[in-house]
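In this note's numbering, the protein residues as written are 435 to 627. C-beta: ideal position from N, C-alpha, C; glycine also. Fair warning: this is a prediction, and the values are worked out from it, not measured in the lab. First comes the structure, then the notes that go with it.
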């Protein structure tokens, strides 16, 4: 807990949203498991000092804890219901590209995976409502059932419905389809180039 002249200072709940690094840290720990401050700094663009400060915020709020393990100290996430809500928001904010890349990238015949729609727009900083779903386009000669199953797995992990469409490389290259042109004219995030 933060201290002022030896007295504890409560961290306001709004401190959860005081930096873009904090949800990224939560999403990383959620995805990879317990990590040291050094490991978290290596996975983010933040310095070790910044990561340590953000971990202490999470610790003060009861969302995370630091536990000794051999010769390292590892950051872990709490199992409390409130902490789970923070995890869910962090995964939605920062974990989507990684989860989508993992679930769709391993499919046989996949050449590219693109996130489009409202999540891609919010991720790019375009104002609007929080996304109700994640729109994914899979390019390649991928089995339709495999795409459906990958979308179900991603939905379970993210906690928001994942809607996936698939197109062949030829259709993608031609770009004559109105649906594809609309996607290409909007904000996208290519998670598997």
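- prompt: Is residue 569 helix, strand or coil when you go by DSSP?
  reply: Note: residue 569 maps to strand in three-state DSSP.
message: I need the boundaries of the alpha helix (DSSP H) containing residue 541, first residue and last residue.
response: No alpha helix (DSSP H) contains residue 541, which DSSP labels as neither H nor E.
- prompt: Skipping 5 residues on each side, what residues in its chain have a beta carbon closer than 8 Å to that of residue 617?
  reply: Contacts found: 548, 550, 571.
message: By alpha-carbon positions, which one of 607, 466, 523 ends up nearest to residue 508?
response: Checked all of 607, 466, 523; the closest Cα to residue 508 is 466.
Nearest-angstrom Cα separation, counted from residue 538 out to residue 502: As the crow flies, the alpha-carbon of residue 502 is around 35 Å from that of residue 538.
query: Out of 514, 477, 521, which has the shortest C-alpha to C-alpha gap to residue 591?
result: When the alpha-carbon of residue 591 is set against those of 514, 477, 521, the nearest one is in 521.
query: In terms of alpha-carbon separation, which member of 471, 495, 515 lies closest to residue 484?
result: Looking at the Cα atoms, 471 is the closest of the given residues.
field: Local conformation of residue 556 per DSSP, three classes
entry: Note: residue 556 maps to helix in three-state DSSP.
query: Taking three-plus beta-carbon pairs below 8 Å as touching, is the stretch 555–573 in contact with the stretch 591–603?
result: Yes: at least three Cβ pairs fall under 8 Å.
message: Tell me the residue span of the beta strand (DSSP E) that contains residue 524.
response: The continuous stretches of beta strand (DSSP E) do not include residue 524, which lies in the alpha helix (DSSP H) extending over residues 515–524.
query: Helix or strand or just coil, what does DSSP make of residue 502?
result: When secondary structure is reduced to three states using DSSP, residue 502 falls in the strand class.
field: Extent of the continuous beta strand (DSSP E) to which residue 601 belongs
entry: Per DSSP, residue 601 belongs to the beta strand (DSSP E) from 596–601.
- prompt: Span of the beta strand (DSSP E) holding residue 625?
  reply: Counting along the chain, the beta strand (DSSP E) containing residue 625 begins and ends at 622–626.
- request: List the endpoints of the continuous alpha helix (DSSP H) containing residue 456.
  value: Start and end: 455–466.
message: Based on DSSP bridge pairs, tell me the residues matched to residue 510.
response: As DSSP reads the structure, residue 510 sits in a beta bridge with 499.
message: Please report the straight-line C-alpha distance between residue 514 and residue 488, rounded to a whole angstrom.
response: Whole-angstrom Cα-Cα distance: 19 Å.
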